[in-house]
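Undergrad: Just passing along the structure, written as structure tokens.
There are 2 protein chains.
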Amino acid sequence: MHIDLLIHHFSNYLSLDEKEITALSLCVNEKRVKRKQFILQEGTICNHYNFIAKGCVKMYKIDKNGKEHNLQFAIENSWITDIGSFHSEIPSELYIEAIENSVILQIEKPDLLNLYTNFPKFDRNFRVIIEDAFIALQIRVLHNISSTAEEKYLAFIATYPDLFQRISNVQIASYLGVTPEFLSTVRKKISKS
Amino acid sequence: MHIDLLIHHFSNYLSLDEKEITALSLCVNEKRVKRKQFILQEGTICNHYNFIAKGCVKMYKIDKNGKEHNLQFAIENSWITDIGSFHSEIPSELYIEAIENSVILQIEKPDLLNLYTNFPKFDRNFRVIIEDAFIALQIRVLHNISSTAEEKYLAFIATYPDLFQRISNVQIASYLGVTPEFLSTVRKKISKS
DNA sequence: CGAAAATTTGACATGACTCAACTGGAGTGG
DNA sequence: CCACTCCAGTTGAGTCATGTCAAATTTTCG
Numbered sequence: 003m004h005i006d007l008l009i010h011h012f013s014n015y016l017s018l019d020e021k022e023i024t025a026l027s028l029c030v031n032e033k034r035v036k037r038k039q040f041i042l043q044e045g046t047i048c049n050h051y052n053f054i055a056k057g058c059v060k061m062y063k064i065d066k067n068g069k070e071h072n073l074q075f076a077i078e079n080s081w082i083t084d085i086g087s088f089h090s091e092i093p094s095e096l097y098i099e100a101i102e103n104s105v106i107l108q109i110e111k112p113d114l115l116n117l118y119t120n121f122p123k124f125d126r127n128f129r130v131i132i133e134d135a136f137i138a139l140q141i142r143v144l145h146n147i148s149s150t151a152e153e154k155y156l157a158f159i160a161t162y163p164d165l166f167q168r169i170s171n172v173q174i175a176s177y178l179g180v181t182p183e184f185l186s187t188v189r190k191k192i193s194k195s
Numbered sequence: 003m004h005i006d007l008l009i010h011h012f013s014n015y016l017s018l019d020e021k022e023i024t025a026l027s028l029c030v031n032e033k034r035v036k037r038k039q040f041i042l043q044e045g046t047i048c049n050h051y052n053f054i055a056k057g058c059v060k061m062y063k064i065d066k067n068g069k070e071h072n073l074q075f076a077i078e079n080s081w082i083t084d085i086g087s088f089h090s091e092i093p094s095e096l097y098i099e100a101i102e103n104s105v106i107l108q109i110e111k112p113d114l115l116n117l118y119t120n121f122p123k124f125d126r127n128f129r130v131i132i133e134d135a136f137i138a139l140q141i142r143v144l145h146n147i148s149s150t151a152e153e154k155y156l157a158f159i160a161t162y163p164d165l166f167q168r169i170s171n172v173q174i175a176s177y178l179g180v181t182p183e184f185l186s187t188v189r190k191k192i193s194k195s
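Protein chains in written order, with the numbering used here: chain C, 3 to 195; chain L, 3 to 195.
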């Protein structure tokens, strides 16, 4: 079962004991989605945390010109959620869409709050998980405000060599904040040097 | 005393009880810095969390061309720390420098870890604090990858009207990732419309 | 196989940077 | 209190990075 992946994921932090595993298992829902299906759509409230057990998904915004801007990718053993919408319970401006056929483990908000209250270890573990995500986002912001497209692209493939092989350059361009056409010329220049 | 500000800050989350307040008080160090003094410098390990009780500071990186890139500002009642360096205990690539004469409340890493272990409420509170910071960073990334300089500037002054009045446009330009000259032309264009 | 999407290429447009010069406070020392 | 310096802010000319649009080609996937 896929929940073993989640339990193993937590063993990277403070491992769960029997009672915690039982409680967690009771509130995890497994959801299978095919490529191009949505886990979240703009206008709806994001009321669950999503853990990717298998596959690959993206979270993005569509701007006023209809263009997609990728905020985050997630593959096996990582979390992807519109935490802003989850917290405030206001409608999301984001989409979460499967790039590959995927298996998602979802925890509903009331269940997660219960886990936090009954088992402080979840507060601890999610604190550390989000700290790590925060650190990665800070590095991304630094690149955004200080690097050229070429530098950002090279940093991306160095940081996420696994992702890089699974997603198209259109997706990477959207994540970096450049057009696919320009990324193409950047890649050409890199390959020549 | 300034520690009251910190205790009050936590009351925005789960309020601290007597024992927690006592424990916290024992590990908070008050530090006064003047304008242009450093709280952290590149090459040193960031081994404390910094809470701004009074004043205003910035955290930035200096790139290979000697240019500053502002990652974060902090004013009263907010946290500013190189969490990456704090976690991994590798030397920081960032500077934290006072923009105004300031009062900082510092918690050393071993003390913070003790607070986490002895009082789970700190895990909870810092989880929520960092979640909020994470949400703000995600919004910033979305602007970085999808907006023009003008849109980013307008979003900045709408989001941080308080900060906007206390710091120079040079600092804002560095935060947005544009040159001060170009920000100047953007501001001129805005004032005309 | 066939449709849809990804990738590349080129001509052109524009947003943003560089560099240099100038102006006008704000702080500092005599 | 003045003279001085330093820095923020502005302006303009020229340049570079990146975007737009359109078209052709290749790849992917159902």
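Glycine is no exception: its CB is placed at the ideal position from the N, C-alpha and C atoms.
Taking all protein chains shown into account, do 16 or more other C-beta atoms lie within 10 angstroms of the C-beta of Ser17 (chain L), making it buried, or fewer, making it exposed?
TA: The sequence position of residue 17 (chain L) within the second sequence is 15, counting from 1. Exposed: under 16 other Cβ atoms inside 10 Å.
Undergrad: So for Asn146 (chain C), helix, strand or coil by DSSP?
TA: Walking along the first sequence from the start, residue 146 (chain C) turns up at place 144. DSSP places Asn146 (chain C) in helix when its eight states are reduced to three.
Undergrad: Determine which residues of the stretch 129-142 of chain L have a Cβ less than 7 Å from any Cβ of chain C, and write them out in chain order.
TA: Answer in chain order: Arg129, Ile132, Glu133, Ala135, Phe136, Ile137, Leu139, Gln140 and Arg142.
Undergrad: The alpha helix (DSSP H) spanning Val172 (chain L) covers which residue range?
TA: Your numbering for residue 172 (chain L) matches position 170 in the second sequence. Here the alpha helix (DSSP H) through Val172 (chain L) covers Asn171 to Leu178.
Undergrad: Using C-beta distances below 7 Å, list every residue in its chain close to Val172 (chain L), excluding the 5 sequence neighbours before and after it, in chain order.
TA: Locating residue 172 (chain L) in the second sequence gives position 170, where the first residue counts as 1. Once the five neighbours on either side are set aside, the close Cβ partners of Val172 (chain L) are Pro182.
Undergrad: Is Lys63 (chain L) close to chain C, meaning its C-beta is less than 7 Å from at least one C-beta of that chain?
TA: Locating residue 63 (chain L) in the second sequence gives position 61, where the first residue counts as 1. So yes, Lys63 (chain L) belongs to the interface.
Undergrad: Got a sec: is the Cβ-Cβ distance from Asp125 (chain L) to anything in chain C below 7 Å?
TA: Numbered from 1 along the second sequence, position 123 holds the residue referred to as residue 125 (chain L). For Asp125 (chain L), the answer is yes, since a Cβ of chain C falls inside 7 Å of its Cβ.
Undergrad: Asp84 (chain C) and Cys29 (chain C) look like a contact to me (Cβ under 8 Å); what is the Cβ gap, rounded to whole Å?
TA: Stepping through the first sequence from its first residue, residue 84 (chain C) is reached at position 82. Stepping through the first sequence from its first residue, residue 29 (chain C) is reached at position 27. Incorrect: roughly 19 Å between the Cβ atoms, too far for contact.
Undergrad: Mind listing the chain L neighbours of Ser148 (chain C)? Cutoff is C-beta to C-beta under 8 Å, in chain order.
TA: Here the question's residue 148 (chain C) lines up with position 146 in the first sequence. Residues of chain L passing the Cβ test: Lys63, Asp65, Lys69, His71 and Gly179.
Undergrad: Going by beta-carbon coordinates alone, are Asn52 (chain C) and Ile82 (chain C) separated by less than 7 Å?
TA: Taking the first sequence and counting its residues from 1, the one referred to as residue 52 (chain C) is at position 50. Taking the first sequence and counting its residues from 1, the one referred to as residue 82 (chain C) is at position 80. The answer is yes: Cβ separation under 7 Å.
Undergrad: What does Ile85 (chain L) reach in chain C if we use C-beta pairs closer than 7 Å?
TA: The residue labelled residue 85 (chain L) in the question sits at position 83 within the second sequence. Under the 7 Å cutoff, chain C gives Glu133, Phe136 and Ile137.
Undergrad: Between Glu110 (chain L) and the rest of its own chain, which residues show a CB-CB distance below 8 Å, the 5 nearest in sequence each way excluded?
TA: Residue numbering aside, residue 110 (chain L) sits at position 108 when the second sequence is read from its first letter. So the list reads Cys29, Asn31, Asn49 and His50, once near-sequence residues are dropped.
Undergrad: Quick one: what's got a C-beta closer than 6 Å to Lys33 (chain L)'s C-beta in the same chain, skipping five residues either side?
TA: One-based indexing of the second sequence puts residue 33 (chain L) at position 31. Closer than 6 Å at the Cβ level, and outside the excluded window around Lys33 (chain L), lie Ile106 and Gln108.
Undergrad: Cβ of Pro122 (chain C) less than 7 Å from any chain L Cβ?
TA: Position 120 of the first sequence holds residue 122 (chain C). Judged by the 7 Å Cβ criterion, Pro122 (chain C) is in contact with chain L.
Undergrad: Cβ atoms of His145 (chain C) and Ser148 (chain L): under 7 Å apart, would you say?
TA: Start at 1 with the first residue of the second sequence, and residue 148 (chain L) comes out as number 146. Start at 1 with the first residue of the first sequence, and residue 145 (chain C) comes out as number 143. Contact flag unset, no.
Undergrad: Please state whether the Cβ-Cβ distance between Ala151 (chain L) and Val180 (chain L) is less than 7 Å.
TA: The sequence position of residue 151 (chain L) within the second sequence is 149, counting from 1. The sequence position of residue 180 (chain L) within the second sequence is 178, counting from 1. The answer is yes: Cβ separation under 7 Å.
Undergrad: At which residues does the alpha helix (DSSP H) containing Asn120 (chain C) begin and terminate?
TA: In the first sequence, residue 120 (chain C) corresponds to position 118, counting from 1. Lys111 to Asn120 is the span of the alpha helix (DSSP H), which, as asked, contains Asn120 (chain C).
Undergrad: May I have the straight-line CA-CA distance separating Ser186 (chain L) from Asp125 (chain L), to the nearest angstrom?
TA: The sequence position of residue 186 (chain L) within the second sequence is 184, counting from 1. The sequence position of residue 125 (chain L) within the second sequence is 123, counting from 1. C-alpha separation (whole angstroms): 43 Å.
Undergrad: Check this for me: beta carbons of Phe40 (chain C) and Leu165 (chain C), under 7 Å apart or not?
TA: Taking the first residue of the first sequence as position 1, residue 40 (chain C) is located at position 38. Taking the first residue of the first sequence as position 1, residue 165 (chain C) is located at position 163. No, these two residues do not count as a Cβ contact at 7 Å.
Undergrad: At the level of alpha carbons, what is the spacing between Ser90 (chain L) and Phe136 (chain C)?
TA: In the second sequence, the residue the question calls residue 90 (chain L) occupies position 88. In the first sequence, the residue the question calls residue 136 (chain C) occupies position 134. Roughly 14 Å between the two C-alpha positions.
Undergrad: When the Cα atoms are used, what is the spatial distance from Phe12 (chain C) to Lys36 (chain C)?
TA: In the first sequence, counting from the first residue as 1, residue 12 (chain C) sits at position 10. In the first sequence, counting from the first residue as 1, residue 36 (chain C) sits at position 34. Approximately 26 Å, taken between the alpha carbons.
Undergrad: Should Val130 (chain L) and Ile101 (chain L) be called a contact, given that it needs their Cβ atoms to be closer than 7 Å?
TA: Taking the first residue of the second sequence as 1, we reach residue 130 (chain L) at position 128. Taking the first residue of the second sequence as 1, we reach residue 101 (chain L) at position 99. For Val130 (chain L) and Ile101 (chain L), no; Cβs fall outside 7 Å.
Undergrad: With a cut-off of 7 Å, does the C-beta of Leu1 (chain L) fall near any C-beta of chain C?
TA: Outside the modelled stretch of chain L, which goes from 3 to 195, sits residue 1 (chain L), for which no answer is possible.
Undergrad: Show which residues of chain C have a CB atom less than 9 Å away from the CB atom of His50 (chain L).
TA: To locate residue 50 (chain L), count along the second sequence from 1; it is residue 48. Result: empty, since nearest Cβ-Cβ is about 15 Å, beyond 9 Å.
Undergrad: Which partner residues does Leu156 (chain C) have in the DSSP bridge list?
TA: Looking up residue 156 (chain C) in the first sequence gives position 154. For Leu156 (chain C), which the question treats as bridged, DSSP gives no partner whatsoever.
Undergrad: By DSSP's criteria, Asn52 (chain L) is part of a beta bridge. Which residues make up the other side?
TA: Numbered from its first residue, the second sequence carries residue 52 (chain L) at position 50. Beta-bridge pairing links Asn52 (chain L) to L:Gln108.
Undergrad: Check the Cβ of Leu11 (chain C) against every Cβ in chain L and list those closer than 9 Å, keeping chain order.
TA: Your numbering for residue 11 (chain C) matches position 9 in the first sequence. A small fix is needed here, since residue 11 (chain C) is His in this sequence, not Leu. Those do not exist, as His11 (chain C) stays about 17 Å from chain L at its closest Cβ, beyond 9 Å.
Undergrad: Classify Phe184 (chain L) as buried or exposed, calling it buried when 16 or more other Cβ atoms lie within 10 Å of its own Cβ.
TA: Along the second sequence, one-based indexing puts residue 184 (chain L) at 182. By the 10 Å Cβ count, Phe184 (chain L) comes out exposed.
Undergrad: Please report the distance separating the alpha-carbon of Leu115 (chain C) from that of Thr46 (chain C).
TA: Counting from one through the first sequence, the residue named residue 115 (chain C) turns up at place 113. Counting from one through the first sequence, the residue named residue 46 (chain C) turns up at place 44. Cα-Cα distance, rounded: 20 Å.
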